[in-house]
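Here the structure comes first, spelled out in structure tokens, and everything after it is commentary.
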Amino acid sequence: TFATFVGLTDPAGKPVRGGFADPNLRPQIVGVFTDLTGAAPSGLRFSATIDTRFTSTPTTLKLVAMVLAMVSTVVALVALWRLDQLDGRRMHRLIPTRWRKFTVVDATVIFGFLLWHLIGANSSDDGYILGMARVADHAGYMSNYFRWFGSPEDPFGWYYNLLALMTHVSDGSLWMRLPDLVAGLVCWLLLSREVLPRLGPAVTSSTAANWAAGIVLLTAWMPFNNGLRPEPIIALGSLITYVLIERSMCASRLTPAALAVLTAAFTLGVQPTGLIAVAALVAGGRPILRILVHRHRLVGTWPLVAPLLAAGSVILTVVFADQTLSTVLEATRIRTAIGPSQAWYTENLRYYYLILPTVDGALSRRFGFLITALCLFTAVFIMLRRKRIPGVARGPAWRLMGVIFATMFFLMFTPTKWVHHFGLFAAVGAAMAALTTVLVSPKVLRWSRNRMAFLTALLFLMALCFATFNGWWYVSSYGVPFNSAMPRIAGITVSTVFLALFVIAALYTIWLHFASRDHGEGRLARAMTAAPVPIAAGFMALVFVGSMVAGIVRQYPTYSNGWANLREFTGGCALADDVLVEPDTNAGYMAPRPGDYGPLGPLGGVNPTGFTPNGVPERTLAESIRETSVPQPGTDYDWDAPTKLKAPGINGSTVPLPYGLDPARVPLAGSYTTGPQQQSRLTSAWYQLPKPDDGHPLVVVTAAGKITGKSVLHGHTAGQTVVLEYGKPGPGGDVMPAGRLVPYDLYGEQPKVWRNLRFARSQMPADAVAVRVVAEDLSLTPEDWIAVTPPRVPELRSVQEYVGSSQPVLMDWAVGLAFPCQHPMLHVNGVTEIPKFRITPDYNAKKQDTDTWQDGVNGGLLGITDLLLRAHVMATYLSHDWGRDWGSLRKFETIVNAQPAALDLGTATRTGWWSPGKIRIKP
């Protein structure tokens, strides 16, 4: 890019000319704009070469090579199977007869999985992964979409491609989560029919151990693995790997080992945390090596090793199916440079997050992992103390423990330290629970002191688990008891109850330590220590299921996970059916009754005190606080919009109004002033209330300031008074006051923003004919002010009716699964659609999670919309749950009208190491 300054010369007398010989490389552009006016000079043009390196398809030669690699791997495995038969022994049955049995435990676990699939909570990244899957087919590759400049997920991502194929059938939650349901059921079948028998007859024959395995599997699955995240697939892959390794040892054959290598490779190809399957290989490495050494004397080394290498490397055909070595390396560089990419020595963060009072450290998540950890360390201690335990197979038991320990070690080297990775341990943790149940049983630990010591540790674990709130991700928490507070019974926290039980058990354990063994071994000790693990896990499973059932009942008829899933069978659109939006906020205002009013008109009533048309501080924004002058991602137009109107509004106000309210039609009254303070009062005129009907469930007052109200998140919030007084017909046609309503106010945490105070029509008597606003600011503190507009009965439409399924929408990564019917903004050939709307989660999640993650600096979608569009928050409400902050709907408008760019498309054949250069990811 060069420019010549006409009329300027350098010391040599030549025209001054400057610029850059290299092209202007940018990670993304949104358009070309200028402040110049007038006709464009002839020949003025602009062109840009879009970096489409990630949009690629394999050549015929590459396809042939991939097919040949897969066929060769199959041939190698078949050849290895034939070599295994040279020992002359019969092969074990592929499916043993024990698979045919069906027990009460089977029925309970299968029912638990099916029930949780229908009513259970989802995982944290479901919207993120569904968004990637929905746009992948149009884009031509599996892009990360929400971050990292749309770089591909490869080398980890084949599971997401499976989900992308599933979106051709439906985007609904029940359908998209089927792989995780199937993974859970297969895990149970493998546990009950392969893993537990391998751990020894004492484990297989123990009813308590079987119940422990089944219920711990459920309780570890419920908080982590009921969504779209890959941990369930990885848990299944690791268990299959373990089973195949054990089968290889039992039969002294290498074919199962080769299949284990194949399974581990594909498990690792799901996500870096698939290292748990590699841990299973490492745990069984020595016995497999012995088999290899023994058999190589018959057929040589390479005929045995080559199939193992083929099984481990065939995953490369999937990794590089539609990407090249160069693009995978570049995508990895981008993700590492932008982050998060945490060092191995920060692994303590994962466990730190687990004990924080957040959703990551919620009750269910703590138990899901801590029960595995407790069983693991207990088993290690007992196995080290007891060299031989009747009925317990030491080799498989130690290998199972080795898998968990090795996985904990390997997790140190993964680039992120999220708590949801603990879902990996669901299957092996269930097996560990079964083993530990046998090890702490009276048949193994004959001294009741030792069994009571384990029970004491378990009670402490329960106290620690309940020392947080019963939180679940996003909409999964709707209606759930104690989803934002520690569970209590009669004012006493459940954690305190378990802590008291822990102290009693600890004292009893100490007494047993000093008492004689014969004296201490009584009915009480034996009863309490008979099966503590399945009892504790069963209690937690009931808590989890009961929480979801309570949420459905408390939320009905509005949104809950279970209710939305049931409506999916009839074509429901989840949260989009229950979120109501005002298409036109100016349409629902009621007519005031005639009367003589003061200078503020009907809104101010007869004699307002302290309220003025401009009594609002500058930069009062809609549902947002302008905390800094530094530009922030995801902000609305009013963040930097003019602070005063060019022309005064209907009652002389120059304050811009939120939600698209028209100042020429909507008056304003506020108590804010910078001078001497006074107590301010306002009682508006009576406004004629229309007859109640199902289509108009609310009366709304748009207001700002610190206001007394109530909400689901904050409960009661203290402030100044803004109430809605309703009246009934009185003598002579007058209106007689009949009661007052305190508003639902969502923004107790951000009290000085514009928001909509909600008053439910269902809380007013059917014969109420009029309403009026009563506002009082009795504080003399300048920060305590209020501002109000007249009441209105809004015309409401659901998001599904208003937005529909065809307009492109920027759905934040947290909300995607809750809005399966909306059309995500697509991208192809490096060009994105321009969205018409944005759907965000609740205020805190938007500010702390989606705005920052999707920031343009990080290569996120907000880097496009923040530059190209203006966002305006719309007035929305969650049907029949008026006090809940569900999130927001924002409408985009273009800053200037611009013609879409004309694309000149083509194709080019490149080698796998070709690169147009590094993508510029820094400013």
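Residue numbers for the sequence shown follow the working numbering, so the first one is 1263 and each next one is one higher. We put the CB at the ideal spot given by N, CA and C, even for glycine.
Reference residue i, options the options, closest by Cα
i	options	result
Leu1865	Lys2184, Glu1456 and Leu1944	Leu1944
Asp1846	Val1367, Val2055, Val1805 and Ile1291	Val2055
Thr1370	Pro1441, Ala1474 and Ile1357	Ala1474
Pro2070	Pro2097, Trp2047 and Pro2178	Pro2097
Met1484	Thr1598, Leu1721, Met1802 and Thr2094	Met1802
Phe1233	Tyr1859, Val1621, Pro1414 and Trp1564	The structure shown does not extend to residue 1233, since the chain is modelled only from 1263 to 2185, so the question has no answer here.
Gly1995	Gln1817, Cys1727, Pro1796 and Ala2032	Ala2032
Leu1842	Ala1605, Arg1396 and Leu2151	Leu2151
Thr1481	Ser1386, Ala1692, Leu1392 and Asn1423	Ala1692
Ala1338	Gln2062, Ser1575, Gly1914 and Ser2177	Ser1575
Phe1375	Lys1953, Leu1530 and Phe1486	Phe1486
Pro1494	His2089, Leu1443, Ala1527 and Ile1766	Leu1443
Thr1608	Ile1553, Arg1648, Pro1677 and Thr1563	Pro1677
Lys2186	Ala2030, Thr2112 and Gly1419	Absent from the structure is residue 2186, since the part of the chain shown begins at 1263 and ends at 2185.
Arg2034	Tyr2009, Ala1853 and Pro1459	Ala1853
Ile2157	Leu2131, Ala1812 and Arg2172	Leu2131
In DSSP terms, what residue i is bridged to
i	result
Tyr1949	Pro1854 and Val2033
His1558	For His1558, which the question treats as bridged, DSSP gives no partner whatsoever.
His1310	Reading off the sequence, residue 1310 comes out as Ala, not His. Beta-bridge pairing links Ala1310 to no other residue.
Gly1967	Ile2048
Ile2101	Met2073 and Leu2151
Arg2059	Val1843
Thr1219	Limits of the chain in this structure are 1263 at one end and 2185 at the other, which puts residue 1219 out of reach.
Lys1972	His1978 and Tyr2006
Pro1999	Gly1989
Arg2017	Ala1965
Val2093	Val2090
His2085	Pro2070
Status (buried if at least 16 other CB within 10 Å, exposed otherwise) for residue i
i	result
Arg1557	buried
Phe1373	exposed
Pro2027	exposed
Val2015	buried
Pro1602	exposed
Cys1835	buried
Glu1844	buried
Phe1716	buried
Ala1310	exposed
His1682	buried
Ala1519	buried
Tyr2105	buried
Phe1831	exposed
Enclosing alpha helix (DSSP H) for residue i [first to last residue]
i	result
Gly1446	Leu1440 to Leu1452
Asn1610	Asn1610 to Leu1616
Val1815	Pro1794 to Gln1817
Met1748	Counting along the chain, Met1748 falls outside any alpha helix (DSSP H), and DSSP gives it neither H nor E.
Val1878	Element bounds for Val1878: n/a, residue is neither H nor E.
Phe1764	Val1756 to Phe1776
Tyr1422	Trp1420 to Met1428
Val1294	It is not in any alpha helix (DSSP H) - Val1294 carries neither H nor E in the DSSP assignment.
Phe1687	Counting along the chain, Phe1687 falls outside any alpha helix (DSSP H), and DSSP gives it neither H nor E.
Short Cβ contact (8 angstroms threshold) for residue i with residue j
i	j	result
Leu1566	Leu1516	yes
Pro1569	Ala1341	yes
Arg2017	Glu1885	yes
Gly2078	Tyr1504	no
Ile2183	Ile1291	no
Thr1820	His2142	yes
Gly1922	Lys2108	no
Pro2052	Ser1946	yes
Val1962	Leu2019	yes
Val1700	Val1654	yes
Val1532	Ile1496	yes
The beta strand (DSSP E) enclosing residue i, as first and last residue numbers
i	result
Thr1983	Thr1983 to Pro1991
Met2073	Pro2070 to Met2073
Leu1923	Per DSSP, Leu1923 belongs to no beta strand (DSSP E) and is neither H nor E.
Tyr2139	Thr2138 to Leu2140
Arg2132	Leu2131 to Val2135
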